[in-house]
Amino acid sequence: MKKILQIGNALVAIISGGLVLLGYLLPELLGGLRQLLVQWAVILAAFALLLGILNLVAVHWKRITSPKSGVKAVYSSVLLLFMLLTIVLTGIAGPASDWGVWLVDTFLVPVEISLLAVLAIVLVYAATRLLSRRFHWSSLLFLVTVVIVLLGTVPLFVFGEVQVLVNLRQWVASTPAVAGARGLLLGVALGTLAAGIRILMGVDRPYGD
Amino acid sequence: MNLVIDNLDRILGLLLLALALGLSVFFLVRDRRSGISALRSMREIPAYFRFRRAVGLAVEAGKRLHISLGRGGIFEKPGGAAFVGLTMLDRCARAASISDRPPVATSGESITAVLSQDTLRRVYTSLGAERRYAPTNGRLSGITPLAYAAGAMPDLHDEQVSACILAGHFGAEVGLLVEAGERAHSLTVAGSDSLPAQAVLYAAAQEPLIGEEVFAGGAYLGAGPAHTGSLRMQDVLRWVVIGLITAGAILKLTGVWP
């Protein structure tokens, strides 16, 4: 029975994936079927979000009830409290209501801005650490390019915009950076294609047995 | 003729797909028949070499492995990277199945989180260790980029993680995750399909995976001939693409192609 279920799951995934893929390449023939399958998948995704939220609650509830958690239990309590508050407020008044907007503007936006500020510091620190970790010509080139792009993007104190730096930044952004990015993206595209083909061949089965 | 020119992109797409599928099957069959590990003929990627060692050390020391799968959904282009992350999760869970602390996977997208739980369950079931499976080890950390990073950071920092692998779709917020790994003194191997994340990882991660290196994870972590075969397929297709670009440039320069 288990074997039949495994083969059935794989067949459903392979046939659905194949039809959706062919729907992109043969839209007149399979475009409608592709849209239908994608719509079903979107409905399933909504249920997956619900499962994900339940998972989040389970993880933090486990932390609260664990005696070893210490201060982490407090953080998890705050998270669950605000999750409940958000569900109640947006459930009653709607996500676009004044209460919903207040929740986002008062809590989510400031916290995310603070994290972005921390991220800026982290990136500067990481850049300075790079040379001590991997002292190599490529690391040096990376840092020099970062400095040139930064100096060419923002007006300098006292000097204002330095035209040479602005031109250099433009050249870096439009020539070597584009060439490198295209090369990387081609590699990523081929990698994505390979991952997709493994799913279509039924070799990789992340959907379980 | 006009019909062919109008549908050139679709025809090329179909041809590329057929070629990729054919090459994958060819290399898979060839590697299975030869029975020799195809990994021997591949270049060493230091990040995977160090990670394989770190997995063994983590099991010995009773430490945890952390796998971050990013926030790419399977409905979008980043899905490919998420699938590779799931393969790595499978390999890590198998390697650390005897460890006191099972691996933890975090993701920023609900379907990927469900798939990570399914992957862990499947691994433990196949090893006859169903009781070791805990659904809370496949976690949805948050559904916005920064919420995901903020949710995954404590897992990296507080759960005695000795090695973490970040494989999936990330943005610049991956810098926060890598820093959390650094502060926990754990080995951080990280790769992404996104260019901004790759730039951040190049500077911040101990072992960055650049370009398509992240997609080679399955092959380098021993996921089998299908993965090494698809890696060879990528190599062949890369030369095909280089040939096409060069031919296109020559045709354009000579004025043959309008």
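If you read the sequences in order, they're chains A and B.
Anchor point for the first sequence: position 68 equals 93 in my numbering, and the numbering is continuous, going up by one each time.
Anchor point for the second sequence: position 7 equals 8 in my numbering, and the numbering is continuous, going up by one each time.
Every residue, glycine too, gets a C-beta built ideally from N, C-alpha and C.
Task: Neighbouring residues, chain B, relative to E53/A (Cβ below 7 Å) - done: The premise fails here: E53/A is roughly 10 Å from chain B at the closest Cβ pair, so nothing lies under 7 Å.
TODO: Compare the beta carbon distance of V162/B and A185/B with 7 Å and say whether it is the shorter of the two.
DONE: For V162/B and A185/B, yes; Cβs fall inside 7 Å.
Open item on the list: Please state whether the Cβ-Cβ distance between A145/A and A204/B is less than 7 Å.
Closed with: no
- [ ] Could you tell me whether any Cβ in chain B is nearer than 7 Å to the Cβ of A145/A?
- [x] no
Open item on the list: So with CB distances below 8 Å, who are the chain B contacts of D130/A?
Closed with: Under the 8 Å cutoff, chain B gives no residues; its nearest Cβ is about 14 Å from D130/A.
TODO: Could you please give me the residues that DSSP links to P209/B through a beta bridge?
DONE: A191/B, per the DSSP bridge assignment.
Task: For S69/B and N138/B, the rounded distance between their alpha carbons - done: 12 Å
TODO: Give a yes or no on contact between the segment 53-64 of chain B and the segment 12-31 of chain B, applying the rule of three or more CB pairs nearer than 8 Å.
DONE: no
TODO: Report the rounded CA-to-CA distance for G42/A versus I112/B, giving the unit in angstroms.
DONE: 16 Å
- [ ] Output the boundary residues of the beta strand (DSSP E) element that contains L133/A.
- [x] Per DSSP, L133/A belongs to no beta strand (DSSP E) and is neither H nor E.
Open item on the list: What does DSSP give as the partner residue(s) for V162/B in the beta ladder?
Closed with: Answer is R65/B.
Task: Length of the line joining the Cα atoms of A198/A and L178/B - done: 27 Å
Task: Contacting residues, own chain, Cβ-Cβ under 8 Å from L55/A (five flanking each side not counted) - done: Apart from sequence neighbours up to five positions away, the residues of its chain that approach L55/A with a beta-carbon distance below 8 Å are L44, L47, G48, ordered along the chain.
Task: H170/B in three-state terms, based on DSSP - done: strand
- [ ] Name the two residues that bound the continuous beta strand (DSSP E) containing R140/B.
- [x] For R140/B, the enclosing beta strand (DSSP E) stretches over residues 139-141.
Task: Residues near Q118/B by beta carbon distance below 6 Å, same chain, minus five either side - done: P136, G139
Task: Where the beta strand (DSSP E) containing A106/B begins and where it ends - done: 105-108
- [ ] With distances taken Cα to Cα, identify the nearest neighbour of L141/B among L17/B, A114/B, H158/B.
- [x] A114/B
Open item on the list: With the cut-off set at 7 Å, would you say S193/B and C165/B are in Cβ contact?
Closed with: Here S193/B is not near C165/B, since their CB atoms are 7 Å or more apart.
Open item on the list: Rounded to the nearest angstrom, what separates P35/A and L13/B at their Cα positions?
Closed with: Going by the sequence as given, residue 35/A is Ala instead of Pro. Approximately 28 Å, taken between the alpha carbons.
- [ ] Measure the C-alpha to C-alpha separation of S102/A and P146/B and round it to an integer number of angstroms.
- [x] Straight-line spacing of the CA atoms in S102/A and P146/B works out to 22 Å.
Open item on the list: By the three-class DSSP mapping on this structure, what secondary structure does L225/A have?
Closed with: DSSP, reduced to helix, strand and coil, places L225/A within a helical segment of the structure shown.
- [ ] Tell me the start and end of each unbroken alpha helix (DSSP H) in the segment 128-206 of chain A that is at least 4 residues and wholly inside, in chain order.
- [x] Whole alpha helix (DSSP H) segments, 4+ residues: 134-158, 162-178, 188-199.
Open item on the list: What does DSSP give as the partner residue(s) for G71/B in the beta ladder?
Closed with: H170/B
- [ ] Rounded to whole angstroms, what's the CA-CA distance from Y125/B to Q207/B? Just pull it up for me.
- [x] 30 Å
Open item on the list: So, does the segment 78-87 of chain A touch the segment 101-118 of chain A, judging by three or more C-beta pairs under 8 Å?
Closed with: Using a C-beta cut-off of 8 Å, the segment 78-87 of chain A makes contact with the segment 101-118 of chain A, since at least three inter-stretch Cβ pairs fall below that distance.
- [ ] Kindly indicate the opening and closing residues of the alpha helix (DSSP H) around V215/B.
- [x] No alpha helix (DSSP H) holds V215/B; DSSP gives it neither H nor E.
Task: Short CB-CB distance (under 7 Å) between N34/A and chain B - done: no
- [ ] To the nearest angstrom, report how far apart A214/A and F160/A are at their CA atoms.
- [x] 30 Å
- [ ] Give the straight-line distance between the Cα atoms of A66/A and A38/A, rounded to the nearest whole angstrom.
- [x] 12 Å
- [ ] Determine the direct distance from the alpha carbon of L176/A to that of L190/A, and round the result to whole angstroms.
- [x] 7 Å
Open item on the list: Any beta carbon of chain B sitting closer than 7 Å to that of P120/A?
Closed with: no
- [ ] Report the option in P155/B, N8/B, G219/B whose CA atom is closest to the CA atom of A168/B.
- [x] G219/B
- [ ] Give a yes or no on whether the minimum CB-CB distance between L14/A and chain B is below 7 Å.
- [x] Any property of residue 14/A remains undetermined from this structure, which presents chain A solely from 26 to 234.
- [ ] Following the continuous alpha helix (DSSP H) through G86/B, name the residue where it begins and the one where it ends.
- [x] For G86/B, the enclosing alpha helix (DSSP H) has its first and last residue at 80-96.
TODO: Please list the partners that L87/B has in chain A, where partner means a Cβ-to-Cβ separation under 7 Å.
DONE: Going along chain A in sequence order, the residues near L87/B (Cβ under 7 Å) are P231.
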